[in-house]
Structure formats: structure tokens, C-alpha cells
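J.: Numbering (this note's numbering), first residue to last: 1229 to 1472.
Virtual Cβ for every residue (Gly too), placed ideally from N, Cα, C.
Structure provided below as C-alpha cells; questions to follow.
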Ligand SMILES: [Zn+2]
């Protein structure tokens, strides 16, 4: 927070009061000129700006991660599952706390910012969701895994049909992440159950693309690896879950 001309704040007045009164900032600076709104006395005051403390933050995004520093209010406490803004030269994004590392490699689910050494987190504004797709003829041998990238608030509902590129599938099961808040079960499988993409560890679905198409797609996947923004499953779930 910085103080501008006209902003008001509570300060001690040397003229009228032993306690604090509301003062108006007349000219900001190292020594700001302020006026007491109770008595009109004008004096100079060094206004202490609210300080932030920087903490090392590791953000995992899909199968990759990067390290940055984020300023936090020193009085703040962080809890796993909580979301915060990463606004740094490396990125501007919304992230969710997945773990807190204190001094001496100690870990906690909740801690004051000044005790924290490293904040582990995961980007949640856009997320990769790992999908396991069972063929609609029930043949387990051609179960496929890949991932789709969607906004974190994208809602998957069991029983609904989703299309991504040329993939079409019916959502059958939703496996919830460990640090996702407020789900009654770790795995949802009842029609109508829903979860946000950012809370999902894995989505299970029934392939609704044609069999011929799927076979062709499968071969294409094997040879090209990446296609239409859909990636082959590359241990994403394992990588994201391995920090904790
Ligand atoms: Zn005064």
C-alpha cells in the first residue's frame, strides 16, 4: 500500500491528542506532510508503508514447474488448499497451496508466512486434466490415457458428454485431488456428481468416438505424441502428486 495526497490514515497528533486521530496526507514522501482532521494541525510524519515479505514459491503447471518469489503480508497465514495470486516477473496466475515447507525441511498444512521457507503450489487458472478413456465396447486392452487443458473452473459432470477436438466421451468417474477442498468423497461416480477441473486428479470416461476413428487416433498418437493440444499422458498425475 502506498499513501497518496488526499489519503487518510490514523496517526498520533502532537497538538491535540495523546491517542491517534484521522490525518489527511497533504504531500507524500519520506517525510509526509499531514493534517490532523480533528484540530487542523499540520505536521511532518514518517509514514511506515505496509511491508510485504517475499517467499520462495514453486508453482507446478501441468508436467512442469518453476520457482519464483511472491510478496505476502507478514501477518498472513497460509493453508494448503488456499488460492493466491502469483504476480512475479515469471508469471501472473492463480495458484493453490499444495504444501508448506518450514525451516529445517519441516512441512506443515498451515503456517504463518514468516515461518515459511517455501510455498509449494499448483497453477489453477488453467489445468491439465488426466483422462483415462475406456473404449465403449469394453475392451480394456485399448484403454487410452491423455490429458486435456481446460480452465480450472471448468466443471465436469458425471453422465455428461464432453468433446475436445475430435474426442468425444461420457464422463463416468472423477478422482479428486488430495488438496482439493470440500468434496465428500475421493472418488465420485454417481450420475450428476460434479467437480471442477482444478480439483481433479483424474477423469474416467467412456469413449464415444467411433471405433475406427479411435484406432486411427491411437496410431496417430503413438507416432506424433502431441496433437491438437491433447497430450499423451506423461506421468502428469504422478509428477504433480509426488511433491507431497
Ligand atoms: Zn490534532
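1) Taking its Cβ as the centre, do 16 or more other Cβ atoms sit within 10 Å of residue 1362, making it buried, or is it exposed?
2) So, using beta-carbon positions, are residue 1299 and residue 1273 closer together than 8 Å?
3) Within 10 Å of its beta-carbon, does residue 1270 have 16 or more other beta-carbons around it, so buried, or fewer, so exposed?
4) How long is the line joining the alpha carbons of residue 1251 and residue 1241, rounded to whole angstroms?
5) Here's the rule: buried if 16 or more other CB atoms are within 10 angstroms of the residue's CB, otherwise exposed. What is residue 1344?
6) DSSP three-state label for residue 1190, please.
7) Is residue 1359 closer than 8 Å to residue 1375 when the C-beta atoms are compared?
8) Decide if residue 1386 is buried, meaning its Cβ has at least 16 other Cβ atoms within 10 Å, or exposed.
9) If you draw a straight line from the C-alpha of residue 1235 to the C-alpha of residue 1258, how long is it?
T.: Walking through what the data contain:
1) A buried status is given to residue 1362, since no fewer than 16 other beta-carbon atoms sit within 10 Å of its beta-carbon.
2) No. Outside cutoff.
3) So residue 1270 counts as exposed.
4) So the alpha carbons of these two residues sit roughly 8 Å apart.
5) Under this definition residue 1344 is a buried residue.
6) The requested residue 1190 is not part of the displayed model; the chain covers only 1229 to 1472.
7) At a Cβ-Cβ threshold of 8 Å, residue 1375 and residue 1359 count as neighbours.
8) It is buried - the Cβ of residue 1386 has at least 16 other Cβ atoms within 10 Å.
9) Near 15 Å, if we compare the C-alpha coordinates of residue 1258 and residue 1235.
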